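Student: Structure provided below as structure tokens; questions to follow.
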Amino acid sequence: MHMSPPAVGAAEVPADAFVLDVREDDEWQAGHVDGAVHIPMGTLLGRLEELPQDTRMYVMCRVGGRSGQVVQYLGARGWDVVNIDGGMMAWDAAGRPMVSDLGGDPFVA
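Read in order, the letters of the sequence shown are residues 1 to 109 in full-length UniProt numbering.
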């Protein structure tokens with residue numbers, strides 16, 4: 001039986017939430033949540049020690065697919081994780097704040 005990972009809409013993520021962004025470097029640089037922690041999905045297994053054990057993590061990617069996989073993996077191993085439904089596309093559409101590392105206006109790549 002396949003169960004969907006726990007998810008919330010972008011508008012429901014608390015302003016002070018721990019946000020884990022699992023997108024690639026170029027996607028992150030274009031636009032991301034200010035204060036988010038960036039660990040690309042492909043490097044996550046080698047960086048698990050960077051994740052908090054006692055804090056709910058809201059996980060995002062571009063549209064929710066990669067982050068859903070990460071939520072299933074981490075959730076099965078005891079982390080308190082929630083997928084941000086729709087990812088950065090939904091975050092941007094909801095008018096939530098973003099920053100860019102490229103010097104211009106942030107955008108979703």
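For every residue, glycine included, the Cβ atom is placed at its ideal position computed from N, Cα and C.
From a predicted model like this one, the values you see are computed outputs, not experimental measurements.
Restricting to Cα atoms, I'd like to know which of 15, 29, 8, 14 is closest to residue 103.
Tutor: The option with the nearest alpha carbon to residue 103 is 29.
Student: On a CA-only basis, which of 82, 42, 39, 98 is nearest residue 111? Give me that one, please.
Tutor: Outside the displayed span of the chain (1 to 109) sits residue 111, for which this structure offers no information.
Student: For the region 46 to 54 against the region 2 to 12, do three or more pairs of beta-carbon atoms, one drawn from each stretch, fall closer than 8 Å, so that the two count as touching?
Tutor: No, the region 46 to 54 is not in contact with the region 2 to 12.
Student: Select from 57, 79, 95 the residue whose C-alpha is nearest the C-alpha of residue 8.
Tutor: The shortest Cα separation from residue 8 among 57, 79, 95 belongs to 57.
Student: Verify whether the separation of the beta carbon atoms of residue 36 and residue 90 is less than 7 Å.
Tutor: No, these two residues do not count as a Cβ contact at 7 Å.
Student: To the nearest angstrom, how far is the alpha carbon of residue 124 from that of residue 71?
Tutor: What is shown of the chain runs 1 to 109, which leaves residue 124 out entirely.
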